[in-house]
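**Student:** The opening position of the sequence shown corresponds to residue 0 in numbering that gives the first Met the number 0, with each subsequent residue numbered one higher.
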Amino acid sequence: MATITNWHTKATSNLSRGERAADIMRNGMGSWAFVGSFVAFMIAWAITNTVLAGKGWDPYPFILLNLFLSMLAGLQGAILLIAAKRQDAISAALAQHDYETNVAAKHNIDRLLAINEQQLELIEKLLAKG
């Protein structure tokens with residue numbers, strides 16, 4: 000009997016560091032925890048620099064924050080493409096696994112149909128003799 004392996008384990012067993020990093024970034028940046036912490040950071044930045052009025056490191060209109068957000072937006076496209084590429088690879092691995100499973104199942108069904116056909120022939124022979 001063949002050993003049953005999880006397709007995901009097989010597909011992720013030989014990932015490069017970059018592919019692992021893309022998975023981690025996708026899972027982290029696509030979470031509510033990230034969104035909540037990002038919003039909290041933005042609010043804290045705005046409050047800190049508004050309350051300190053003139054003494055804050057980035058007074059209104061928050062030029063430094065705008066610079067950071069622009070850099071994030073510039074990288075966001077690349078991050079999304081990396082995540083999409085990884086998802087495509089995962090989908091392709093799953094599709095290949097599904098195909099292999101279907102081929103094996105078809106082979107097993109064909110064998111069972113052949114055995115069933117032989118049994119029907121034997122029953123017909125026995126009924127004809129008896």
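We put the beta carbon where it would ideally sit given N, CA and C, even for glycine.
For A20, which of L68, I78, I89, D97 has the nearest alpha-carbon?
**Tutor:** Checking every option, the nearest Cα to that of A20 belongs to I78.
**Student:** Grab the span of the alpha helix (DSSP H) containing N48 for me, first residue to last.
**Tutor:** Per DSSP, N48 belongs to the alpha helix (DSSP H) from 31 to 50.
**Student:** In three-state terms, what does DSSP make of K84?
**Tutor:** Of the three classes helix, strand and coil, the one that applies to K84 here is helix, per DSSP.
**Student:** Establish whether the CB of A103 and some CB of chain B are separated by less than 9 Å.
**Tutor:** In the structure shown, chain B cannot be found, because there is only a single protein chain.
**Student:** For S12, which of helix, strand or coil comes out of DSSP?
**Tutor:** Of the three classes helix, strand and coil, the one that applies to S12 here is coil, per DSSP.
**Student:** Where does F182 sit, in a helix, a strand or coil, going by DSSP?
**Tutor:** Here the chain has residues from 0 to 129 only, and residue 182 is not among them.
**Student:** Tell me the DSSP secondary structure of T5 in three-state form.
**Tutor:** As written in the sequence, residue 5 is Asn, which differs from the Thr given in the question. Coil.
**Student:** Say whether the region 76 to 90 touches the region 12 to 30, bearing in mind that this needs 3 or more beta-carbon pairs closer than 8 Å, one atom from each stretch.
**Tutor:** With the cut-off at 8 Å, the region 76 to 90 and the region 12 to 30 touch.
**Student:** Candidates I46, A88, G73: which alpha carbon is nearest N13's?
**Tutor:** Cα-wise, what sits closest to N13 is A88.
**Student:** Would L63 and A45 qualify as a contact pair, given that the criterion is a beta-carbon distance under 9 Å?
**Tutor:** Contact flag unset, no.
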